[in-house]
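Below is one structure, written out as structure tokens, with a few remarks after it.
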Amino acid sequence: MKRFAVAVLGPTATGKSALALAIAERYGGEIINCDSTAVYRGFDIGTDKIAAADRRGIAHHLIDIADPTDDYTAAQYARDATAVIRDVHARGRLPILAGGTGFYFRALTRGLFPGPGRDAALRQRLETIAARREVTFLHRLLRKVDPESALRIQPRDLKRLVRALEVYFLTGRPLTAHFADTQSPIADVEVLEIGLRLPAADISRRVTRRVDAQFARGLLDEIRALLERGVPEAARPFGGLVYRQAMEHLRGVRDEASTRALIAQENRRYARRQLIWFRKEPNLSWFDGPGESTATIDAVQRVIAERLQERER
RNA sequence: GGCGCCGUCGCCAAGAGGUAAGGCAGAGGUCUGCAAAACCUCCACCCCCGGUUCAAAUCCGGGCGGCGCCU
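Shown next, in the form of structure tokens:
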């Protein structure tokens, strides 16, 4: 029989961490982060990482596993998470994925094609071409070597154009030809997918509160300390939500009040994108309510209990 | 009661004769090694009525509504 795992997914600020914690306590679980920025060490406040003191003795995995200068990827995540899930199962405990990065979750549960990874030199060359000519030049190039992918990828979508071309030049086969070989690294695990959902107005309120809290907790000092420690401004996690805007503020682009407002706004947009993404997950069950509320926790635990019972039979 | 100003999308707002910028908000979408990223799409019969004109959100008249000032 397949092993069992739970995933707590959904937009930002819906209370995923709290819900995951409750489930972990109830079912002897360990939490596995599924958030692309929380993997970076030193980025704590802006990522809303759960503090060690607040973990109630529950093990949290895949947090603080990468240096700020690393380029952590979905593929790496899929590998790491697969290994952690195996360990947790070996310990006889329940793995609980928790986070909002849909792409990472999909990379883990459905897999990525087993092709080549990033090739920094090749990417550099392609990006230089895009900068000198125009992004759409890469699209025309792709149309010649991999028309099927060119149809799918927008003419200005630099990142995906580079990747498609990279794979083609490295393997001589178009991207789409590789897709058939895609396999889930955890095909032997049954994942119960829980989605947390809140009305837009609630998300908005919570996000505003969270941004204020992040500034109060010293978000700006955290960034200054990282910079002083020598983390370059171009480091990956600085390019993400919260940090990007806060960094601009430190450079004098805008005052703090409008920076807070902007971060809240970006959070709202992010939440919407996440919703659109997770809607596509075919086996996800939605729960309407904040993850910390007992009503939500009870409802989710009921569903988990049911599933556990079914598996007994 | 009189005088003046104003009335463009849910909000802010451009536009002053040639067939409705932009921002916010909202909605939808793509996504196979940068994904808290990148990219794409949709969203106004300009308060009403009449007039002038080939053509009016833009000019004129009259309503209605708002704001300000005066008596």
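To convert, note that position 6 of the first sequence is 14 in this note's numbering; the numbers rise steadily by one, no gaps.
For each residue, glycine too, the CB sits at the ideal point set by N, CA and C.
Since this is a predicted model, take the numbers as computed values, not measurements.
**Request:** Let me know if S266 comes out buried or exposed under the rule of 16 or more other beta-carbons within 10 Å of its beta-carbon.
**Result:** exposed
**Burial state of E33, where buried means 16 or more other Cβ atoms lie within 10 Å** = exposed
**Asked** If we ignore side chains and look at the alpha-carbon of each, how far apart do Y278 and G247 end up?
**Response** 14 angstroms
**Asked** Can you name the start and end residues of the alpha helix (DSSP H) that A28 belongs to?
**Response** 24-35
**Item:** Spatially closest choice to R205 from L283, I312, A89, by CA coordinates
**Value:** L283
**Asked** What are the partner residues of V250, as DSSP defines its beta bridges?
**Response** In the DSSP output, where bridge partners are listed per residue, V250 has none listed.
**Message:** Please report the distance separating the alpha-carbon of S293 from that of G180.
**Reply:** 41 angstroms
**Message:** In the DSSP output, which residue or residues are listed as bridge partners for H68?
**Reply:** I39
**Request:** Apply the 10 Å Cβ neighbour rule to M9 and answer buried if 16 or more other Cβ atoms are within range, or exposed otherwise.
**Result:** exposed
**Item:** Residue span of the beta strand (DSSP E) that contains G107, given as start and end
**Value:** Per DSSP, G107 belongs to no beta strand (DSSP E) and is neither H nor E.
**Item:** Assigned exposure category for R268 - 16 Cβ within 10 Å defines buried
**Value:** buried
**From G297, T144, S44, residue whose alpha carbon lies closest to that of R114** = S44
**Request:** Measure the CB-CB distance between E264 and I53 and report whether it falls below 8 angstroms.
**Result:** no
**Request:** Note down, in chain order, each residue of its chain lying with its Cβ closer than 7 angstroms to the Cβ of K57, except the 5 sequence neighbours on either side.
**Result:** A46, I71
**Request:** Tell me L17's beta-bridge partners as DSSP assigns them.
**Result:** G203
**Prompt:** Under the DSSP definition of a beta bridge, which residues are partnered with D296?
**Reply:** R205
**Message:** Going by C-alpha to C-alpha distance, which of R131, Q132, E38 sits closest to A98?
**Reply:** E38
**Item:** G65 burial status per 10 Å Cβ neighbour count (16 or more: buried)
**Value:** exposed
**Message:** For a test of your reading of the model: does the CB of I53 fall under 7 angstroms from any non-hydrogen atom of the ligand MG? Yes or no.
**Reply:** Because no ligand of any kind appears in the structure shown, any question about the ligand MG cannot be addressed here.
**Length of the line joining the Cα atoms of C42 and F177** = 31 angstroms
**Item:** Coil, strand or helix - Y48 by DSSP
**Value:** strand
**Prompt:** Going by DSSP, what residues sit across from A329 in a beta bridge?
**Reply:** Beyond the ends of the chain as shown, which are 9 and 321, falls residue 329; an answer cannot be given.
**Message:** Rounded to whole angstroms, what is the Cα-Cα separation between G36 and R237?
**Reply:** 38 angstroms
**Request:** Classify R99 as helix, strand or coil using the three-state DSSP reduction.
**Result:** coil
**Prompt:** What separation, rounded to the nearest whole angstrom, lies between the Cα atoms of L183 and R164?
**Reply:** 18 angstroms
**Request:** Starting from A53, follow the alpha helix (DSSP H) in both directions and report where the run begins and ends.
**Result:** Note on residue identity: the sequence assigns Ile, not Ala, to residue 53. Neither: I53 is in no alpha helix (DSSP H) and is coded neither H nor E.
**Request:** Return the bridge partner residues of R11 from the DSSP annotation.
**Result:** V197
**Prompt:** Short check: CB of D88 to CB of I73, under 8 angstroms?
**Reply:** yes
**Request:** Along the alpha helix (DSSP H) that carries A172, what are the first and last residues, could you check?
**Result:** 166-179
**Item:** Sub-8 angstroms separation of F121 and F187 beta-carbons
**Value:** yes
**Prompt:** Unbroken alpha helix (DSSP H) runs of length 4 or more, entirely within the segment 223-269: which are they?
**Reply:** 227-236, 251-258
**Message:** Which same chain residues end up closer than 7 angstroms to R252 when comparing Cβ atoms and leaving out the 5 residues on each side of it in sequence?
**Reply:** F246
**Message:** Considering just the uninterrupted stretch of the alpha helix (DSSP H) at L130, what are its terminal residues?
**Reply:** 128-140
**Request:** Could you pull out every residue in the same chain whose Cβ sits closer than 6 angstroms to the Cβ of V92, ignoring the five residues on either side in sequence?
**Result:** I40, H69
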